[in-house]
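Q: What follows is a structure written as structure tokens; I'll ask about it next.
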Amino acid sequence: MDFSLSDLQQMMQDSVSKFIQKDYDFETRQSLVNSDLGYSEDNWKLFSDLGWLGLPINAEYGGIGGNLIDTIFLQEELGKGLVVEPIFSTLMLGANLVQKHGSSEQKTTMLEDVISGKLKLALAHAEGPAAFDITQISTTARKEGDKYILNGHKSVVIGGASADKILICARTSGKVGDENGISIFIINPDQQGTSTRAYTTNDGMRAADIKFNQVILDATSLLGEADTAFNAVDQVLHEAIVALSAEAIGIMGVLIDKTAEYLRTRQQFGNAIGRFQVLQHRMADMFMETEQAKSMLYFAAIEMAENKTNAKRAAKMLKVKIGSATRFVGQQAVQLHGGMGVSDELDIGHYFKRLTSINTLLGSKDYHLNELIKIPAIRQ
Amino acid sequence: MKILVPVKRVVDFNVKVRVKADGTGVDIDNVKMSMNPFDEIAVEEAIRLKEAGSADEVIVVSVGVQQCQETLRTALAMGADRAILVKTDALVEPLAVAKILAKIAEEEGTNLVILGKQSIDDDCNQTGQMLAALIGRPQGTFASEVVVEDDKVTVIREVDGGLETISMSLPAIVTADLRLNEPRYASLPNIMKAKRKPLSEKMAEDYGVDLKPRHKIIAISEPVTREAGIKVADVTELVAKLKSVGAI
Numbered sequence: 001m002d003f004s005l006s007d008l009q010q011m012m013q014d015s016v017s018k019f020i021q022k023d024y025d026f027e028t029r030q031s032l033v034n035s036d037l038g039y040s041e042d043n044w045k046l047f048s049d050l051g052w053l054g055l056p057i058n059a060e061y062g063g064i065g066g067n068l069i070d071t072i073f074l075q076e077e078l079g080k081g082l083v084v085e086p087i088f089s090t091l092m093l094g095a096n097l098v099q100k101h102g103s104s105e106q107k108t109t110m111l112e113d114v115i116s117g118k119l120k121l122a123l124a125h126a127e128g129p130a131a132f133d134i135t136q137i138s139t140t141a142r143k144e145g146d147k148y149i150l151n152g153h154k155s156v157v158i159g160g161a162s163a164d165k166i167l168i169c170a171r172t173s174g175k176v177g178d179e180n181g182i183s184i185f186i187i188n189p190d191q192q193g194t195s196t197r198a199y200t201t202n203d204g205m206r207a208a209d210i211k212f213n214q215v216i217l218d219a220t221s222l223l224g225e226a227d228t229a230f231n232a233v234d235q236v237l238h239e240a241i242v243a244l245s246a247e248a249i250g251i252m253g254v255l256i257d258k259t260a261e262y263l264r265t266r267q268q269f270g271n272a273i274g275r276f277q278v279l280q281h282r283m284a285d286m287f288m289e290t291e292q293a294k295s296m297l298y299f300a301a302i303e304m305a306e307n308k309t310n311a312k313r314a315a316k317m318l319k320v321k322i323g324s325a326t327r328f329v330g331q332q333a334v335q336l337h338g339g340m341g342v343s344d345e346l347d348i349g350h351y352f353k354r355l356t357s358i359n360t361l362l363g364s365k366d367y368h369l370n371e372l373i374k375i376p377a378i379r380q
Numbered sequence: 381m382k383i384l385v386p387v388k389r390v391v392d393f394n395v396k397v398r399v400k401a402d403g404t405g406v407d408i409d410n411v412k413m414s415m416n417p418f419d420e421i422a423v424e425e426a427i428r429l430k431e432a433g434s435a436d437e438v439i440v441v442s443v444g445v446q447q448c449q450e451t452l453r454t455a456l457a458m459g460a461d462r463a464i465l466v467k468t469d470a471l472v473e474p475l476a477v478a479k480i481l482a483k484i485a486e487e488e489g490t491n492l493v494i495l496g497k498q499s500i501d502d503d504c505n506q507t508g509q510m511l512a513a514l515i516g517r518p519q520g521t522f523a524s525e526v527v528v529e530d531d532k533v534t535v536i537r538e539v540d541g542g543l544e545t546i547s548m549s550l551p552a553i554v555t556a557d558l559r560l561n562e563p564r565y566a567s568l569p570n571i572m573k574a575k576r577k578p579l580s581e582k583m584a585e586d587y588g589v590d591l592k593p594r595h596k597i598i599a600i601s602e603p604v605t606r607e608a609g610i611k612v613a614d615v616t617e618l619v620a621k622l623k624s625v626g627a628i
């Protein structure tokens, strides 16, 4: 198989990597994390000018029309800089869902605004007991005349604090466990009856818990058709696993490079500590874990992009592999750096924190492992 | 007005280069290659002049191996109009490159050639000056500002102890210094457009110039590792120490 990058992928990777090197060093990133907003609006405008916000959006809506494989190279580079701007929530979750489930008018207006940087989106799908499986949600939208009455609670809505519009998964019919009966509503964060508690997550990103108490919504708030959103959301969440895993691959690559450099520099017992075989073994194991995870990422990305029969199974397998690889690589990087590996001043601990968050987002390793046991592979 | 910008493919400035075990050169196998940073500044300046209406066309040219076309595509993605790749697998020195550039400048009828002041691999800082001599036109080296008006170009040069402003009649040669501008990032739409922009390929031999190297590299070695310093208590001890090592 030919794994060489296309011209577009290569040049995009160069462009993003140059941005991270020149304008997004660790101190800059930390100052953004500690700012009121939690990210930079100037950067957001730059991302729009550079066309990054249009990458996964179809050309008919003014985007670049890149597929999932193209987006993993963007995500990988963003991971290397621990970028805090809400690209993942806006593009990989929000815009992707609009593209898959929105009416043609919604696609035209909303996606155009996403590309131009005017509209940031967030997807509120997770609830306490339903972190990934949206058939288990208990948020409801009851139809009354031509209105919907929304009640419920969403937790850890990534990018929920900065989003201009939030896409809410709610049950409009059926019972818990049914795939049919899931709908998506587009709401403004300040909609009456909505209360938002925004906070900084462990990895420096922003999220929000949102409660809905008798929120009255027009039928125009509905994204696409009622009751039929399950397939689109499920597909978006599995594609998001691939995108998020690409970010983890970028982070693990940085941790390996930085740790190897440190082992070549740090002197102990008259030698650079990298000369000790026991530490070389650890570095080799970190490298192997990352390479295996990378192979799994490419496999899942190709399966998902080509919509193969076992594509979602591949995405779940990827999440499991990312779960074990990131934990191993992150812990080793911290240990090999010694105490300063967890200090706030050094970036190593921050990379580890982001990896830890990635593991809990979109279903943990254990959750997906359990799902894999339940779903047998389909022979093709 | 046509602007010609030569660009060189070099080892990326972030890569820590290592000397080959046999000392014959720098190991560039599996090493990330990029456009020479000073050339990137030159490309940016040419594009800005075009955007300001001072130029009609920006042509980028690279002399080297087939992979140099990636560097040319990057320049096209930044906003250059077309590219010329002059292929050769041989080691080309600044004089050979300057001779090829002189032929291209003549063929294309370019009014202004903007080069990076030097490449970060060989650090020669010769090509621009040699080109100016070969075509017999004025040169404004180490530019930190370039203004084109009618048939004149004004260049502010970074010289020892300050800035020097010179005015030259076109056609002219300008070499870009670090502070001339901040090069833009290539946007995705422009990267897509760059794929459709014309890139013509020629062989170095087609220009009928003598490319033979004038130098022979005898050896390449790593710089001497800096040794740990010592701390002195006061100026008297510092002076005594400097005297003892013969520094003063």
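Chains as they are written, first to last, in my numbering: chain A, 1 to 380; chain B, 381 to 628.
We put the CB at the ideal spot given by N, CA and C, even for glycine.
Within the present structure, is the beta-carbon of H337/A separated from the nearest heavy atom of the ligand ADP by less than 7 angstroms?
A: Ligands in the displayed structure: none, and consequently the ligand ADP is not present.
Q: Closer than 9 angstroms between beta carbons: that is the criterion. Which residues of the stretch 42-57 of chain A meet it against chain B?
A: Cβ contacts with chain B: L46, D49, L50, G51, W52, G54, L55.
Q: With 8 angstroms as the threshold, decide whether the Cβ of Q268/A is near any Cβ in chain B.
A: Reading the first sequence from its first residue, position 268 is the one you call residue 268/A. Answer no: the Cβ-Cβ gap between Q268/A and chain B never drops below 8 angstroms.
Q: Cβ closer than 8 angstroms: which chain A residues qualify as neighbours of R453/B?
A: Indexing the second sequence from 1 puts residue 453/B at position 73. Correct list: D7, M11.
Q: Please list, in chain order, the chain A residues whose beta carbon lies closer than 7 angstroms to that of K388/B.
A: As a first step, residue 388/B is located in the second sequence; it is residue number 8 there, counting from the start. Near K388/B there are no residues of chain A at all, since even the closest Cβ is about 16 angstroms away, more than 7 angstroms.
Q: Pull up the distance between the alpha-carbon of F418/B and that of L37/A, whole angstroms please.
A: Along the second sequence, read from residue 1 onward, the residue named residue 418/B stands at position 38. Along the first sequence, read from residue 1 onward, the residue named residue 37/A stands at position 37. Taking the straight line joining both Cα atoms gives about 36 angstroms.
Q: Interface residues of chain A around M413/B at Cβ under 9 angstroms?
A: The count along the second sequence starts at 1 and reaches residue 413/B at position 33. What M413/B touches in chain A: nothing, since even the nearest Cβ is about 10 angstroms away.
Q: Report the neighbours of K211/A on chain B: residues whose CB is nearer than 8 angstroms to its CB, in chain order.
A: In the first sequence, counting from the first residue as 1, residue 211/A sits at position 211. Those do not exist, as K211/A stays about 38 angstroms from chain B at its closest Cβ, beyond 8 angstroms.
Q: Against chain B, which members of the stretch 19-30 of chain A pass a CB distance test of less than 8 angstroms?
A: So the close ones are F19, Q21.
Q: Helix, strand or coil, according to DSSP, for L384/B in the structure here?
A: Position 4 of the second sequence holds residue 384/B. Three-state DSSP puts L384/B in a strand.
Q: Residues of chain B with CB under 8 angstroms from I64/A, in chain order?
A: Taking the first residue of the first sequence as 1, we reach residue 64/A at position 64. The contacting residues are L568, P569, M572.
Q: Looking at the unbroken alpha helix (DSSP H) that takes in K573/B, where does it start and where does it end?
A: The residue labelled residue 573/B in the question sits at position 193 within the second sequence. First-last of the alpha helix (DSSP H) with K573/B: 568-574.
Q: Can you find the residues in the same chain that come closer than 7 angstroms, C-beta to C-beta, to M381/B, ignoring five residues on each side of it along the sequence?
A: Your numbering for residue 381/B matches position 1 in the second sequence. Closer than 7 angstroms at Cβ, skipping near neighbours: S434, A435, D436, N491, L492.
Q: In angstroms, rounded to a whole number, what distance separates the CA positions of L78/A and A272/A?
A: Within the first sequence, the letter at position 78 stands for residue 78/A. Within the first sequence, the letter at position 272 stands for residue 272/A. In a straight line, the C-alpha of L78/A is about 31 angstroms away from that of A272/A.
Q: Select from G174/A, I166/A, S221/A, V156/A the residue whose C-alpha is nearest the C-alpha of D203/A.
A: The count along the first sequence starts at 1 and reaches residue 203/A at position 203. The option with the nearest alpha carbon to D203/A is V156/A.
Q: When you compare only the Cα positions, how much space is there between V629/B and S524/B?
A: Shown here, chain B extends from 381 to 628; a query on residue 629/B therefore has no answer.
Q: 8 angstroms is my cut-off, CB to CB: does S15/A come that close to chain B?
A: Working through the first sequence from its first residue, we reach residue 15/A at position 15. Yes, S15/A lies at the interface with chain B (some Cβ there is under 8 angstroms from its Cβ).
Q: Starting from K395/A, trace the alpha helix (DSSP H) in both directions and tell me its first and last residue.
A: The displayed coordinates of chain A run from 1 to 380. Any statement about residue 395/A would go beyond what the structure contains.
Q: Measuring CA to CA, which of I72/A, E41/A, S35/A, A59/A is closest to S6/A?
A: For the purposes of this step, residue 6/A is taken as residue 6 along the first sequence, with counting starting at 1. Closest by alpha carbon: I72/A.
Q: Check Y587/B in the structure and name its three-state DSSP category.
A: Working through the second sequence from its first residue, we reach residue 587/B at position 207. Y587/B falls in the helix class under three-state DSSP.
Q: Along chain A, which residues have their Cβ under 9 angstroms away from the Cβ of K479/B?
A: Along the second sequence, one-based indexing puts residue 479/B at 99. Those do not exist, as K479/B stays about 31 angstroms from chain A at its closest Cβ, beyond 9 angstroms.
Q: Exposed or buried, K430/B, counting other C-beta atoms within 10 Å across all chains shown (16 or more means buried)?
A: Taking the second sequence and counting its residues from 1, one reaches residue 430/B at position 50. Flag for K430/B reads buried.
Q: Note down, in chain order, each residue of its chain lying with its Cβ closer than 6 angstroms to the Cβ of I358/A, except the 5 sequence neighbours on either side.
A: Residue numbering aside, residue 358/A sits at position 358 when the first sequence is read from its first letter. Cβ within range, chain order: L244, A248.
Q: So, using beta-carbon positions, are I421/B and V438/B closer together than 8 angstroms?
A: For the purposes of this step, residue 421/B is identified with residue 41 of the second sequence, where counting begins at 1. For the purposes of this step, residue 438/B is identified with residue 58 of the second sequence, where counting begins at 1. Their beta carbons are not under 8 angstroms apart, which means I421/B does not touch V438/B by this criterion.
Q: Taking the alpha carbon of A163/A as the reference point, which residue from M283/A, I57/A, K321/A, L91/A has its own alpha carbon closest?
A: Your numbering for residue 163/A matches position 163 in the first sequence. With distances taken between Cα atoms, A163/A lies closest to L91/A.
Q: If the cut is a Cβ gap below 7 angstroms, which residues of chain A does K575/B touch?
A: What you label residue 575/B is simply residue 195 of the second sequence in a count that begins at 1. Ordered by position in chain A, the residues that pass the 7 angstroms Cβ test against K575/B are D7.
Q: Taking 8 angstroms as the threshold (beta carbon to beta carbon), is V394/B in contact with chain A?
A: Within the second sequence, residue 394/B is the residue found at index 14, counting from 1. It should be noted that the sequence gives Asn, not Val, for residue 394/B. So yes, N394/B belongs to the interface.
Q: For L301/A and K400/B, what's the separation of their Cα atoms in angstroms?
A: Numbered from its first residue, the first sequence carries residue 301/A at position 301. Numbered from its first residue, the second sequence carries residue 400/B at position 20. At residue 301/A the sequence reads Ala, which differs from the Leu that was named. Whole-angstrom Cα-Cα distance: 38 angstroms.
Q: Cβ of P189/A within 8 angstroms of Cβ of I166/A?
A: Locating residue 189/A in the first sequence gives position 189, counting from the first residue. Locating residue 166/A in the first sequence gives position 166, counting from the first residue. Yes; because the gap between Cβ atoms is below 8 angstroms, this pair is in contact.
Q: Quick check on this structure: which residue in K621/B, R517/B, T468/B, S442/B has the alpha carbon closest to the alpha carbon of A552/B?
A: Sequence index remark: in the second sequence, residue 552/B carries index 172 (1-based). Of K621/B, R517/B, T468/B, S442/B, the residue nearest in Cα terms is R517/B.
Q: Are at least three pairs of beta-carbons, each pair with one atom in the stretch 364-375 of chain A and one in the stretch 482-489 of chain B, less than 8 angstroms apart?
A: No: the two stretches stay apart, fewer than three of their Cβ pairs being nearer than 8 angstroms.
Q: Per DSSP, what kind of secondary structure is R453/B in: helix, strand or coil?
A: Looking up residue 453/B in the second sequence gives position 73. Helix, per DSSP.
Q: Counting C-beta neighbours from all protein chains within 10 Å, is the total for D469/B 16 or more, i.e. buried, or is it exposed?
A: As a position in the second sequence, residue 469/B is number 89, starting the count at 1. D469/B should be labelled exposed.
Q: Which of helix, strand or coil does DSSP assign to I182/A?
A: For the purposes of this step, residue 182/A is taken as residue 182 along the first sequence, with counting starting at 1. Residue state, collapsed to three classes: strand.
Q: With H, G and I counted as helix, E and B as strand and the rest as coil, what does DSSP make of R29/A?
A: Indexing the first sequence from 1 puts residue 29/A at position 29. Note: R29/A maps to helix in three-state DSSP.
Q: Cα separation between K596/B and V242/A?
A: By 1-based counting over the second sequence, the position of residue 596/B is 216. By 1-based counting over the first sequence, the position of residue 242/A is 242. Taking the straight line joining both Cα atoms gives about 52 angstroms.
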